[in-house]
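First comes the structure, then the notes that go with it.
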Amino acid sequence: MLKGYWIVRIDVDDDEKYKDYLAANVEPIKRFGGRHIVRAGRFVNPEGTSRSRNVVLEFPSYQAAIDCYYSPEYQRAIEFRKPVSSGDLIIIEGYEYPSTD
1 MLKGYWIVRI DVDDDEKYKD YLAANVEPIK RFGGRHIVRA GRFVNPEGTS
51 RSRNVVLEFP SYQAAIDCYY SPEYQRAIEF RKPVSSGDLI IIEGYEYPST
101 D
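Residue 1 is where the sequence shown starts when you use the UniProt record's numbering, and the numbers rise one by one after that.
Laid out in structure tokens, this is it:
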């Protein structure tokens with residue numbers, strides 16, 4: 001089964017209020033087996049446009065990534081995020097290289 005990912009690019013306008021979103025998203029992400037692979041680390045942007053923060057979360061499956069986003073718990077969490085940030089979030093299915101065996 002292929003994993004699922006959230007790829008998030010975000011600008012935060014109020015770091016203090018954004019912490020409420022971070023606290024609220026922990027449980028739904030954990031419940032659906034999500035884990036952070038990238039969380040606002042250093043980056044360069046050699047092409048295109050960028051935002052100030054980049055986040056990648058991995059889920060055990062594409063469906064788990066979708067279910068987490070649309071869960072009532074996560075939908076409540078994003079109500080904390082919306083007034084203090086702007087960004088883009090995509091949910092994407094992972095890829096597995098064909099076996100060379």
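Here a beta-carbon is modelled for each residue, glycine too, at the ideal position from N, C-alpha and C.
- Runs of the beta strand (DSSP E) lying entirely within the segment 22-55, each at least 3 residues long, are 35-39 in chain order.
- For Asp88, the enclosing beta strand (DSSP E) covers residues Ser85 to Glu93.
- For Asp67, the uninterrupted alpha helix (DSSP H) segment begins and ends at Tyr62 to Tyr70.
- Less than 8 Å separates the beta-carbon of Pro28 from that of Ala77.
- With distances taken between CA atoms, Gly34 lies nearest to Asn25 out of Val84, Asp20 and Asn25.
- The segment 6-19 makes contact with the segment 50-60: 3 or more CB pairs, one atom from each, lie closer than 8 Å.
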